[in-house]
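Below is one structure; the comments refer to it alone.
Number of protein chains: 2
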Amino acid sequence: MKCAVCRGPAVIDLRRHNANFCADHFLKFCRDQVVRAIDEHDMIEPGERVLVAVSGGKDSLALWDLLLDLGYDAEGMTIGLGIGDYSTASTATAVAFAERRNLTLGRIDLRGDYDYDIPTAAAVTRRVPCSSCGLSKRHLIDRAALDGDYDVVATGHNLDDEAAVLFGNVLHWHTEYLGRQRPVLAERIGPETDTGSGGRSGRAEAGTRVFPRKVKPLVRLTERETAAYCVLRGIDYVVEECPMAEGNRHLRYKEALNAVEAASPGAKQAFYFGFLARAADRFAPEPDGGDGEVRACARCGSPTTGEVCAFCRLIDQVTGHDPVPVELVRPRRRGSRRRRARTKRPSGQDATGAQNSTGSATKAGS
Amino acid sequence: MKCAVCRGPAVIDLRRHNANFCADHFLKFCRDQVVRAIDEHDMIEPGERVLVAVSGGKDSLALWDLLLDLGYDAEGMTIGLGIGDYSTASTATAVAFAERRNLTLGRIDLRGDYDYDIPTAAAVTRRVPCSSCGLSKRHLIDRAALDGDYDVVATGHNLDDEAAVLFGNVLHWHTEYLGRQRPVLAERIGPETDTGSGGRSGRAEAGTRVFPRKVKPLVRLTERETAAYCVLRGIDYVVEECPMAEGNRHLRYKEALNAVEAASPGAKQAFYFGFLARAADRFAPEPDGGDGEVRACARCGSPTTGEVCAFCRLIDQVTGHDPVPVELVRPRRRGSRRRRARTKRPSGQDATGAQNSTGSATKAGS
Numbered sequence: 001m002k003c004a005v006c007r008g009p010a011v012i013d014l015r016r017h018n019a020n021f022c023a024d025h026f027l028k029f030c031r032d033q034v035v036r037a038i039d040e041h042d043m044i045e046p047g048e049r050v051l052v053a054v055s056g057g058k059d060s061l062a063l064w065d066l067l068l069d070l071g072y073d074a075e076g077m078t079i080g081l082g083i084g085d086y087s088t089a090s091t092a093t094a095v096a097f098a099e100r101r102n103l104t105l106g107r108i109d110l111r112g113d114y115d116y117d118i119p120t121a122a123a124v125t126r127r128v129p130c131s132s133c134g135l136s137k138r139h140l141i142d143r144a145a146l147d148g149d150y151d152v153v154a155t156g157h158n159l160d161d162e163a164a165v166l167f168g169n170v171l172h173w174h175t176e177y178l179g180r181q182r183p184v185l186a187e188r189i190g191p192e193t194d195t196g197s198g199g200r201s202g203r204a205e206a207g208t209r210v211f212p213r214k215v216k217p218l219v220r221l222t223e224r225e226t227a228a229y230c231v232l233r234g235i236d237y238v239v240e241e242c243p244m245a246e247g248n249r250h251l252r253y254k255e256a257l258n259a260v261e262a263a264s265p266g267a268k269q270a271f272y273f274g275f276l277a278r279a280a281d282r283f284a285p286e287p288d289g290g291d292g293e294v295r296a297c298a299r300c301g302s303p304t305t306g307e308v309c310a311f312c313r314l315i316d317q318v319t320g321h322d323p324v325p326v327e328l329v330r331p332r333r334r335g336s337r338r339r340r341a342r343t344k345r346p347s348g349q350d351a352t353g354a355q356n357s358t359g360s361a362t363k364a365g366s
Numbered sequence: 367m368k369c370a371v372c373r374g375p376a377v378i379d380l381r382r383h384n385a386n387f388c389a390d391h392f393l394k395f396c397r398d399q400v401v402r403a404i405d406e407h408d409m410i411e412p413g414e415r416v417l418v419a420v421s422g423g424k425d426s427l428a429l430w431d432l433l434l435d436l437g438y439d440a441e442g443m444t445i446g447l448g449i450g451d452y453s454t455a456s457t458a459t460a461v462a463f464a465e466r467r468n469l470t471l472g473r474i475d476l477r478g479d480y481d482y483d484i485p486t487a488a489a490v491t492r493r494v495p496c497s498s499c500g501l502s503k504r505h506l507i508d509r510a511a512l513d514g515d516y517d518v519v520a521t522g523h524n525l526d527d528e529a530a531v532l533f534g535n536v537l538h539w540h541t542e543y544l545g546r547q548r549p550v551l552a553e554r555i556g557p558e559t560d561t562g563s564g565g566r567s568g569r570a571e572a573g574t575r576v577f578p579r580k581v582k583p584l585v586r587l588t589e590r591e592t593a594a595y596c597v598l599r600g601i602d603y604v605v606e607e608c609p610m611a612e613g614n615r616h617l618r619y620k621e622a623l624n625a626v627e628a629a630s631p632g633a634k635q636a637f638y639f640g641f642l643a644r645a646a647d648r649f650a651p652e653p654d655g656g657d658g659e660v661r662a663c664a665r666c667g668s669p670t671t672g673e674v675c676a677f678c679r680l681i682d683q684v685t686g687h688d689p690v691p692v693e694l695v696r697p698r699r700r701g702s703r704r705r706r707a708r709t710k711r712p713s714g715q716d717a718t719g720a721q722n723s724t725g726s727a728t729k730a731g732s
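These protein sequence lines are chains A and B, in that order.
Note that my numbering numbers the first sequence so that position 161 is 161, with each residue one more than the last.
Add 366 to the 1-based position in the second sequence for my numbering, that's all there is to it.
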């Protein structure tokens with residue numbers, strides 16, 4: 001197996017590109033793909049300040065490394081989600097990466113800073129953990145970018161992620177999500193609130209940025225490629241998948257697409273980029289009014305279509321509960337809805353009760 | 367397991383409907399689904415003459431049986447494709463079904479009537495067999511419907527078929543196919559050809575029907591359900607799948623969707639009907655001109671955007687060749703493109719040559 005560029009010994013074969021690469025040319029390939037993604041989708045301008053959402057996994061660390069390598073002014077932000085050993089290891093890995101290179105890494109700890117964690121939020125809301133997790137991460141990263149005056153937020157979504165999300169949106173024909181599934185989400189300026197007319201305007205003012213631009217520079221790389229990138233670059237990352245995501249739809253969609261990709265290399269890439277080229281515009285929201293009335297959250301000023309944004313509503317619901325250990329929150333599976341953890345502050349026996357009601361709670365282990 | 371309707375012993379469980387049925391109520395369920403499909407999509411008006419495309423498999427025989435049972439004036443049409451024992455058995459099964467009930471079944475034999483068969487066409491065109499097969503069947507059924515003055519052609523496409531085709535079209539974002547993927551294709555009246563202006567108009571005249579309405583009354587039933595319907599109705603059908611379809615994309619897409627369906631019963635139905643409800647219109651061709659200039663085929667008068675329609679071009683290419691046995695035409699697989707059968711009239715050694723060049727030709731089975 002020889003490198004397609006230099007004919008030296010190859011270390012990786014990329015079937016969808018029908019090419020093998022040596023370590024150096026594979027790393028160059030990764031950089032080239034990121035440069036191309038950034039250029040084609042106008043993700044980041046030279047000189048802009050980038051906030052990288054860092055989990056400690058292969059994608060976010062590869063992304064941070066790549067952006068620095070390409071000369072961007074990229075700082076990190078990590079959120080302690082409280083998902084047992086998995087979160088402990090993730091945060092430690094992100095911190096170690098930053099310290100070794102003397103990088104700036106902002107940190108939030110959900111339990112310490114907001115008095116909840118993801119297992120508890122999942123148990124209290126009785127929704128899949130990924131729901132409160134995604135909501136929390138999005139809100140806090142966006143807020144950190146605005147407060148820290150970053151020009152853009154970069155996340156580590158790779159081609160497999162985006163194709164799987166697209167597949168899920170297409171399976172359900174979630175047209176509103178399809179309309180927004182792009183490698184770049186534009187920044188938003190605060191609604192033109194008329195503070196003189198007696199309306200409540202929240203903290204956002206007209207002309208203020210209420211939502212940062214968000215970009216996904218890894219959309220041209222697969223997760224196998226970001227993992228290989230980390231290995232070849234000597235980046236230590238958390239290999240384990242989140243124990244709470246086990247069996248979730250997103251992973252099932254990945255598996256279904258992987259089966260198609262195995263038989264037709266390049267299928268996933270054609271699916272995602274074909275969507276962007278030929279279909280995404282067909283689902284684009286109406287220029288006016290398609291989003292409903294966006295106003296500022298009465299509590300935090302974030303853009304929302306309700307009175308209070310989803311994050312502030314989550315906070316209202318989930319803070320102040322006794323922590324539920326991750327082991328007791330079973331990933332949602334078919335038929336298990338009624339067997340999930342139940343916690344109510346008054347009982348004081350939440351965790352034990354949850355264990356009983358879940359019966360065969362999954363092992364969270366990392 | 368009890369019938370959801372009468373609480374008697376159930377013979378089948380339908381997970382996506384979260385219901386079990388006894389034989390009688392399952393048969394009623396099937397009829398109800400067909401009635402609903404016909405009604406919701408305005409497929410067939412009472413009193414119209416229906417031509418059923420009959421292969422001898424479970425879907426087409428169930429369809430014919432259901433339409434007759436519902437009181438429609440439905441006659442059949444079957445095409446001998448020349449795919450070895452599979453085609454022999456299929457035709458015999460279709461004929462036996464018709465004879466036992468004294469039904470009218472039109473017959474075409476590709477080799478006898480048009481001097482080619484599907485294995486030979488696949489070998490000569492060097493394309494997947496399903497390509498010339500689908501083209502031949504569509505053209506000949508449509509033509510038979512027009513010549514026989516049938517109001518509508520009914521085909522046995524079931525929910526699994528339609529969902530798999532949709533998945534394939536979505537994976538590649540074939541927007542033009544997505545725009546046409548409906549349970550009903552409207553009839554077409556001949557182009558307004560101006561025969562006085564020196565143009566060649568073919569055999570079609572303005573105001574003549576050049577394409578019959580085509581409907582898929584089984585779109586609300588899965589293939590498991592049409593098979594169960596046949597078993598419970600005592601309908602003898604060809605169980606084997608076409609040996610030439612083995613490993614084709616359509617089957618792979620079915621498998622991928624089956625994996626999703628197994629984890630989320632109802633996913634396939636939501637995918638297909640969600641498409642019709644919320645996405646199909648977004649891909650609809652422009653009312654004018656989107657289809658290119660449709661004219662009458664110079665040879666046969668069928669609607670085409672070229673001079674000669676695809677079927678007449680196929681005929682030109684594939685008739686008069688020595689028959690290639692089905693065993694020698696290997697289903698197209700990754701990497702096998704260059705190893706497929708080669709036939710040229712002059713050699714006279716086509717079949718042998720093909721066997722050599724294919725190397726490990728698949729066993730055609732049954």
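Quick reminder that beta carbons are idealized off the backbone N, C-alpha and C, glycines included.
As the structure is a prediction and not an experimental result, all values here were calculated from the model.
query = Applying a beta-carbon distance threshold of less than 7 Å, which residues of chain A neighbour Leu525(B)?
reply = Taking the second sequence and counting its residues from 1, one reaches residue 525(B) at position 159. Chain A residues near Leu525(B): none, gap ~14 Å exceeds 7 Å.
inquiry  = Is it buried or exposed, Asn386(B), if we count other Cβ atoms within 10 angstroms and call 16 or more buried?
reply    = Taking the second sequence and counting its residues from 1, one reaches residue 386(B) at position 20. Under this definition Asn386(B) is a buried residue.
ask   = Are Leu471(B) and Ala462(B) closer than 8 Å when you measure CB to CB?
value = Working through the second sequence from its first residue, we reach residue 471(B) at position 105. Working through the second sequence from its first residue, we reach residue 462(B) at position 96. Annotated as distal: Leu471(B) and Ala462(B), with beta-carbon spacing of 8 Å or more.
key: Same chain, Cβ closer than 8 Å to Ser132(A), five either side skipped, listed in chain order   = Numbered from its first residue, the first sequence carries residue 132(A) at position 132. Excluding sequence neighbours, Ser132(A) sits near Ile118, Ala121, Ala122, Thr125, Leu314 and Val318.
key: Uninterrupted beta strand (DSSP E) stretches inside the segment 85-112 of chain A (no shorter than 3 residues)   = Counting whole runs of 3 or more residues, the segment 85-112 of chain A contains the beta strand (DSSP E) stretches 105-109.
His321(A) versus Leu110(A), Asn102(A), Glu45(A) and Ala227(A), residue with shortest Cα-Cα distance = For this step, residue 321(A) is matched to residue 321 along the first sequence. With distances taken between Cα atoms, His321(A) lies closest to Leu110(A).
request  = Would you kindly check if the distance between the Cβ of Tyr638(B) and the Cβ of Glu553(B) is under 8 Å?
outcome  = Mapped onto the second sequence, residue 553(B) falls at position 187. Mapped onto the second sequence, residue 638(B) falls at position 272. Inclusion of Glu553(B) and Tyr638(B) in the CB contact set at 8 Å is not warranted, their separation being larger than that value.
ask   = Buried or exposed: which applies to Gly667(B), given that a residue is buried once 16 or more other Cβ atoms fall within 10 Å of its Cβ?
value = Taking the first residue of the second sequence as 1, we reach residue 667(B) at position 301. Classification for Gly667(B): buried.
key: Other residues of its chain near Tyr516(B): CB distance less than 7 Å, five sequence neighbours each side excluded   = As a first step, residue 516(B) is located in the second sequence; it is residue number 150 there, counting from the start. Arg415, Val416, Leu417 and Pro578.
request  = Could you tell me the boundaries of the beta strand (DSSP E) in which Leu417(B) lies?
outcome  = Numbered from 1 along the second sequence, position 51 holds the residue referred to as residue 417(B). For Leu417(B), the enclosing beta strand (DSSP E) covers residues Arg415 to Ala419.
request  = To the nearest angstrom, report how far apart His616(B) and Ala267(A) are at their CA atoms.
outcome  = As a working mapping, residue 616(B) is identified with position 250 in the second sequence. As a working mapping, residue 267(A) is identified with position 267 in the first sequence. If you take the alpha carbons of His616(B) and Ala267(A), they lie about 14 Å apart.
inquiry  = Determine, for His538(B), whether the minimum Cβ-Cβ distance to residues of chain A falls below 8 Å.
reply    = Position 172 of the second sequence, counting from 1, holds the residue named residue 538(B). So, interface residue.
message = With the cut-off set at 8 Å, would you say Arg466(B) and Thr444(B) are in Cβ contact?
response = Within the second sequence, numbered from 1, the residue matching residue 466(B) stands at position 100. Within the second sequence, numbered from 1, the residue matching residue 444(B) stands at position 78. Taking the C-beta atoms as reference points, Thr444(B) is found no nearer than 8 Å to Arg466(B).
The alpha helix (DSSP H) enclosing Glu241(A), as first and last residue numbers = Position 241 of the first sequence, counting from 1, holds the residue named residue 241(A). No alpha helix (DSSP H) holds Glu241(A); DSSP gives it neither H nor E.
ask   = Quick one: what's got a C-beta closer than 7 Å to Cys230(A)'s C-beta in the same chain, skipping five residues either side?
value = Locating residue 230(A) in the first sequence gives position 230, counting from the first residue. Here the set comprises Lys58, Leu61, Ala62 and Tyr237.
ask   = Which one or two residues does DSSP pair with Thr304(A) in a beta bridge?
value = Residue 304(A) sits at position 304 when you count from the first residue of the first sequence. DSSP output for Thr304(A) lists Arg295(A) as bridge partner(s).
inquiry  = Could you tell me the alpha carbon to alpha carbon distance between Arg182(A) and Ile189(A), rounded to whole angstroms?
reply    = What you label residue 182(A) is simply residue 182 of the first sequence in a count that begins at 1. What you label residue 189(A) is simply residue 189 of the first sequence in a count that begins at 1. Taking the straight line from one Cα to the other gives about 19 Å.
request  = Locate the alpha helix (DSSP H) running through Val260(A), then write down its first and last residues.
outcome  = On the first sequence, residue 260(A) is found 260 positions in, with the first residue counted as 1. Val260(A) -> alpha helix (DSSP H) spans Arg249 to Ala263.
inquiry  = Let me confirm a value: Thr305(A) is counted as buried when at least 16 other C-beta atoms fall within 10 Å, else exposed. Which label applies?
reply    = Your numbering for residue 305(A) matches position 305 in the first sequence. So Thr305(A) ends up on the exposed side.
ask   = In chain A, which residues lie with their C-beta within 8 Å of the C-beta of Val324(B)?
value = Any answer about residue 324(B) is impossible in this case: the structure gives chain B only from 367 up to 732.
task = Kindly indicate if chain B contains any beta-carbon less than 8 Å away from that of Ala263(A).
result = Counting from 1 along the first sequence, the entry for residue 263(A) is found at position 263. Yes, contact with chain B.
task = Out of Phe392(B), Arg665(B) and Pro669(B), state which residue places its alpha-carbon closest to the alpha-carbon of Glu659(B).
result = The residue you call residue 659(B) lines up with position 293 of the second sequence. Its Cα nearest to that of Glu659(B), the residue Pro669(B) stands out among Phe392(B), Arg665(B) and Pro669(B).
query = What is the DSSP secondary structure of Ala204(A), counted as helix, strand or coil?
reply = For this step, residue 204(A) is matched to residue 204 along the first sequence. Low per-residue confidence applies at Ala204(A): pLDDT is 49, beneath 50, and the placement is therefore not dependable enough to give any value.
message = Could you give the first and the last residue of the continuous alpha helix (DSSP H) run that contains Phe637(B)?
response = Here residue 637(B) corresponds to residue number 271 of the second sequence, with the count starting at 1. Unbroken alpha helix (DSSP H) run through Phe637(B): Ala633 to Arg644.
inquiry  = Is it buried or exposed, Val239(A), if we count other Cβ atoms within 10 angstroms and call 16 or more buried?
reply    = Here residue 239(A) refers to the residue found at position 239 of the first sequence. Under this definition Val239(A) is an exposed residue.
request  = Could you pull the start and end residues of the alpha helix (DSSP H) that Asn524(B) belongs to?
outcome  = Position 158 of the second sequence holds residue 524(B). First-last for Asn524(B): undefined, no H or E at that position.
inquiry  = Against Gly640(B), what residues of chain A qualify as contacts under a CB-to-CB distance less than 7 Å, listed in chain order?
reply    = For the purposes of this step, residue 640(B) is taken as the residue at position 274 of the second sequence. Result: His172 and Trp173.
query = In terms of residues, what are the limits of the alpha helix (DSSP H) holding Ile681(B)?
reply = Along the second sequence, read from residue 1 onward, the residue named residue 681(B) stands at position 315. Ala676 to Val684 is the span of the alpha helix (DSSP H), which, as asked, contains Ile681(B).
message = Rounded to whole angstroms, what is the Cα-Cα separation between Lys216(A) and Ala154(A)?
response = As a working mapping, residue 216(A) is identified with position 216 in the first sequence. As a working mapping, residue 154(A) is identified with position 154 in the first sequence. Lys216(A) and Ala154(A): Cα-Cα distance of roughly 6 Å.
query = Contact check, Arg397(B) vs Leu436(B) under 8 Å by CB: the rounded distance?
reply = Residue mapping note: residue 397(B) aligns to position 31 of the second sequence, counting from 1. Residue mapping note: residue 436(B) aligns to position 70 of the second sequence, counting from 1. With a Cβ gap of about 6 Å, Arg397(B) and Leu436(B) count as contacting.
key: Leu218(A) versus Phe167(A), Met244(A), Cys242(A) and His157(A), residue with shortest Cα-Cα distance   = As a working note, residue 218(A) is residue 218 in the first sequence. Taking only the C-alpha atoms, the option nearest Leu218(A) is His157(A).
query = How is Lys2(A) classed by DSSP in three states: helix, strand or coil?
reply = As a first step, residue 2(A) must be located in the first sequence, where it is residue number 2. Correct three-state label for Lys2(A): strand.
task = Consult DSSP for Ala385(B) and reduce its assignment to one of helix, strand or coil.
result = Within the second sequence, the letter at position 19 stands for residue 385(B). DSSP places Ala385(B) in strand when its eight states are reduced to three.
query = Can you tell which of Arg220(A), Asn248(A), Glu246(A) and Ser264(A) has its C-alpha closest to the C-alpha of Tyr619(B)?
reply = The count along the second sequence starts at 1 and reaches residue 619(B) at position 253. With distances taken between Cα atoms, Tyr619(B) lies closest to Ser264(A).
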